[in-house]
Amino acid sequence: MDHPPLPGYTCRRPPLSACSEAQFYDDLCEFLTLLRGKTVERSKFPEAVLNGVSLDLFALYREVVSRGGFRVGNGINWKGQVFPRMRNWTESNKQTGVGNALKRHYQNYLWEYEVAHPEDVTLDRCVLCNARDREGGAADWLCCDCCENWVHHSCDKRPGLGQYKDYTQGNGRVYVCPSCSREQEAGEALKRQRTA
1 MDHPPLPGYT
11 CRRPPLSACS
21 EAQFYDDLCE
31 FLTLLRGKTV
41 ERSKFPEAVL
51 NGVSLDLFAL
61 YREVVSRGGF
71 RVGNGINWKG
81 QVFPRMRNWT
91 ESNKQTGVGN
101 ALKRHYQNYL
111 WEYEVAHPED
121 VTLDRCVLCN
131 ARDREGGAAD
141 WLCCDCCENW
151 VHHSCDKRPG
161 LGQYKDYTQG
171 NGRVYVCPSC
181 SREQEAGEAL
191 KRQRTA
């Protein structure tokens, strides 16, 4: 998906791996000001609150782009993998629909920014077929909840595996890739041997 550059915008931050939170927010505010045609004041940004705390867009952005970006949105476990790495997360969080809220906020504040910064997005390979993002044509990406490697759901042929939608809904099933599943089974077998 090629988008023309935003007229007047030049990224002023270092690569994401070396970028501070302040540098990220300064650059994002400049980008959104140009994109929306109205000033986004850094001191009041973001206005959104999640779990009683100002929305942690820096962590949200880093976590999503490290998982392939918004294009794999349904393959990302927003509540289970992204949310716990944000300042907004607490162990006692009782908010329902947090995964959907994160997706909406990402779309509202960060999607166009991600498109303007394709170098930020980590394009993983499916650990089963070894195809990259668009090589295999599959759009059914899932991220393993154990190792965080990516898999096309259609490549995982294990019996008893749920449907793709079972893993991508807000409180969906936890996806464990075949490799991690074998490791878990081996660990459980070892425990049984020791207790026998």
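In UniProt numbering, the protein residues as written are 1 to 196.
Backbone N, C-alpha and C fix where the C-beta goes; we use that ideal spot for every residue, glycine too.
Within the UniProt domain "PHD-type" (123 to 183), complete alpha helix (DSSP H) segments of at least 4 residues are found at 164 to 168, given in chain order.
CA-CA distance, Val127 to Asn149, rounds to 7 Å. Exposure of Lys191 is indicated by the presence of fewer than 16 other C-beta atoms within 10 angstroms of its C-beta. DSSP lists Val53 as the beta-bridge partner residues of Leu50.
Across the set Thr39, Gln107, Ala116 and Leu57, the C-alpha of Leu57 shows the shortest separation from the C-alpha of Arg87. Our two residues, Asp166 and Gly8, have alpha carbons roughly 43 Å apart in a direct line. Counting along the chain, Glu30 sits inside the alpha helix (DSSP H) bounded by residues Glu21 to Arg36.
The C-alpha of Cys129 lies about 30 Å from the C-alpha of Gln107.
Annotated three-state conformation of Glu91 is coil, per DSSP. A distance of 9 Å or more separates the beta carbons of Cys146 and Arg67. Here DSSP, grouped into helix, strand and coil, assigns Val40 to coil. With respect to Gly75, Glu114 sits apart: the two C-beta atoms are not nearer than 9 Å. Here the alpha carbons of Arg36 and Cys177 stand approximately 41 Å from one another. Within a 10 Å sphere around the beta-carbon of Lys103 sit 16 or more other beta-carbons, which makes this residue buried. Residue nearest to Leu16 within the set Glu63, Val40, Asn51 and Glu30 is Glu63 (criterion: CA-CA distance). Nearest to Val72 by C-alpha distance, out of Val53, Trp141, Tyr25 and Glu185, is Trp141. In the displayed model, Gly75 falls within a helix according to three-state DSSP.
Per DSSP, Asn108 lies in no alpha helix (DSSP H) segment and is marked neither H nor E.
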